[in-house]
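Numbering (the numbering used here), first residue to last: 1036 to 1163.
Working notes, beginning with the structure itself.
Rendered as structure tokens:
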């Protein structure tokens, strides 16, 4: 539970950071866009076949921040990769989150559209 708590805290913190930065950007541009920073968390239980037991839980964390540029999407789970300014990020957060989810037999994926937002989907097996 502590490991998964760290994973969720890291992704949620990143989402809050993204929407905050996007909010500052919209304000500095004095845009006419009505921006409301939003972070959403959804869960879904996907049971396995009848009588088999187990199943899968899906945890989705999404934000309406600036999104992740296509050219760095494949790097975000690498150790020491960060998009934050020097001194503000270690680059270990998403790398460790990835390792923790994999160690628990799960998977983590990212869907992001630049200018629209980002969604992280964590898939974890449930055992009886």
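Glycine included, every Cβ here is placed at the ideal spot set by N, Cα and C.
In this text, all values refer to a predicted model and were calculated from it rather than measured experimentally.
Got a sec: is the Cβ-Cβ distance from residue i to anything in chain D below 8 Å?
i	result
residue 1050	No chain D is present in this structure, which holds just one protein chain.
In its own chain, which residues sit with a C-beta less than 7 Å from the C-beta of residue i, not counting the 5 before and 5 after it?
i	result
residue 1142	1136 and 1158
residue 1111	1103, 1129 and 1145
residue 1081	1090, 1091 and 1093
Classify residue i: buried if its beta carbon has 16 or more other beta carbons within 10 angstroms, exposed otherwise.
i	result
residue 1042	buried
residue 1059	exposed
residue 1063	exposed
residue 1100	buried
residue 1152	buried
residue 1077	exposed
For residue i, which residues in the same chain have their Cβ closer than 6 Å to its Cβ, ignoring the five residues on either side in sequence?
i	result
residue 1104	1149
residue 1147	1102, 1103 and 1153
residue 1155	1046, 1096 and 1145
residue 1083	1089 and 1090
Apart from the five residues on each side of it in sequence, which residues of its chain come closer than 8 Å, Cβ to Cβ, to residue i?
i	result
residue 1075	1095, 1096, 1097 and 1098
residue 1004	Any question about residue 1004 goes unanswered here, given that the chain covers just 1036 to 1163.
residue 1056	1100 and 1101
Going straight from the alpha carbon of residue i to that of residue j, what length do you get?
i	j	result
residue 1079	residue 1054	24 Å
residue 1048	residue 1107	19 Å
residue 1073	residue 1093	20 Å
residue 1039	residue 1138	11 Å
residue 1036	residue 1070	35 Å
residue 1090	residue 1050	28 Å
residue 1161	residue 1067	46 Å
residue 1065	residue 1119	24 Å
residue 1025	residue 1140	Past the boundaries of the shown model lies residue 1025; the chain is included only from 1036 to 1163, so the question cannot be answered.
residue 1109	residue 1061	27 Å
With hydrogens ignored, establish whether the beta-carbon of residue i is closer than 7 Å to any heavy atom of the ligand FAD.
i	result
residue 1159	The ligand FAD is not part of this structure, which contains no ligands at all.
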